[in-house]
Each structure stands twice: as structure tokens, then as C-alpha cells.
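Please read the structure below before turning to the comments.
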Amino acid sequence: MVMSIESLYPFLHSGSADLDSLLADVARSTAEKVDEIGRLRREVVAADDARMAACATAMAERFERGGRLMAFGNGGSSTDAAAVAALCVDPGPAWRPLPALALAADVATLTALANDVGFENVFARPVAAAGRPDDIALALSTSGGSANVLRGLAVAHERGLLTVGLAGYSGGSMAEAAARGEIDYLFVMPSASVHRIQEAQTTTYHVLWELVQRALGRP
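Numbering-wise (full-length UniProt numbering), the sequence shown opens with residue 1 and increments by one.
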């Protein structure tokens, strides 16, 4: 669902020239959004705290065996995938660097695959070519229904990788794949707002990363 700027920020389109009223509306809107993401984060933790710990333990075991993280997603989710990979590779001096890559960062491979074999294969092909059983596939999709993300996860599952998914809404097709056993750990951000979903997903992968570090004995 595409929302207009006016529907998101109606106070900017009210035609009011009262600056004090406008600032009050901005402050109220900001506070409402902060409350909304806070509630969503608490809801996700309440539903999935034990599974997050189990997922982090499984990820740490893969890293200990020499595995790598392969992260992927589309659009804003691709930037989150890049952020996860960067966090692993360059975590700062107090933490253990971990091998990771963001598949969408390889523009030459991505565009070649999109042009030659179809955009639905841009994540599946690299996973099939380079994925190893000790690796981890971390996929992000706000809708849970991105075809290329689902294909990437399916191939990762076939190759024996640990599969981790982050989705929004009610999980979409990723929830169906998880029910079939094709995604080992799926974390759903139950919201219809893409903004809140992505904010909650950011929190989720940071929590997973820190739990992995602690499972590995850092700090």
C-alpha cells in the first residue's frame, strides 16, 4: 500500500498559518511515532525473545565453524542487509569481527543476473554458487513476499545454510515458507507501516548481532 505524504503528515497540508499550532502538531506526531515503534519493539521481544536467543546461538555455532553471513533484501532492506554485513565485519575494537557480505552490494553480479536470467534469481544464484553448509542466509523483506528473497532463502535451505528471515505485516509468503521448514528462524514485525517495520527490523538484527557476540564470548 502506497501512502501519500499528506496522509502521513496531514498537519503540513492543513493550510494553517499558525506556527505554534504547526509545531504542536509536529511534536504530537513525533511522539505518536516514537510510542508506536516502542510498542512494536516490545511486542516483537515478548513474542520472540527465546527464539532470538536460540537463533543467535545457532548463528554463533556457524561462525565458530568458519561460516559466513550472506545478507540480502531489496530497496531499503538491501541497505539494512549492507548494515548487517558492515556491523559484522567492522564491529569496533570491543567486538569480534565476523565474515559477512551483502549480496546486493555486488552490483556487477546483480545486474548481470537481472539482465541475463531474471531479477528473481539475483540472490539465489550467488547463494547457489558460493553458499556453504556452515554459512548463514539472512533475508529481509518488509512485505514478506519478495520473490527473489524467497528464492534466495529456498536455495540456501537446499544447500544446508542456516536461514533467518525478517518480515513485516503478518509474514506473508515468508511465513508460509517457515511453516514448511524452509526458514529456520523467522521474525515478524506485526505492523502495516513500512517505516515501523524497518525500524523494528533494525532493532532485531542488532539484538541478534549482540547475542551472537555474547555467545562467542565477546565482550
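Every residue, glycine too, gets a C-beta built ideally from N, C-alpha and C.
Distance CB(residue i)-CB(residue j) smaller than 8 Å
i: M189; j: I136; result: no
i: V84; j: L69; result: yes
i: Q201; j: L161; result: no
i: C55; j: L208; result: yes
i: residue 232; j: G144; result: The requested residue 232 is not part of the displayed model; the chain covers only 1 to 219.
i: N74; j: E120; result: no
i: A178; j: V155; result: no
i: A124; j: A100; result: no
i: V164; j: L138; result: yes
i: L40; j: S191; result: yes
i: T142; j: G171; result: no
Span separating the alpha-carbon of residue i from that of residue j
i: T109; j: L19; result: 51 Å
i: G118; j: S21; result: 51 Å
i: L216; j: E36; result: 33 Å
i: F187; j: G66; result: 25 Å
i: L211; j: H157; result: 23 Å
i: W95; j: F63; result: 14 Å
i: N115; j: E182; result: 27 Å
i: R218; j: G92; result: 12 Å
i: S78; j: T204; result: 16 Å
i: M52; j: L87; result: 18 Å
i: L153; j: Y185; result: 11 Å
i: R132; j: P126; result: 11 Å
Those residues which DSSP pairs with residue i across a bridge
i: G168; result: M189
i: A102; result: A71
i: T79; result: Note: T79 sits in no beta bridge, so no partner.
i: I136; result: L69 and L162
Outcome for residue i when other beta-carbon atoms lying within 10 angstroms are tallied against a minimum of 16
i: D80; result: buried
Any non-hydrogen atom of the ligand MG within 7 Å of residue i CB
i: E182; result: Inclusion of the ligand MG in the displayed structure is not the case, the ligand content being empty and no account of it being possible.
- Query: With contact counted as at least three CB pairs below 8 Å, one residue from each stretch, are the segment 189–199 and the segment 25–44 in contact?
  - Reply: Counting C-beta pairs closer than 8 Å gives three or more between the segment 189–199 and the segment 25–44, which meets the contact rule.
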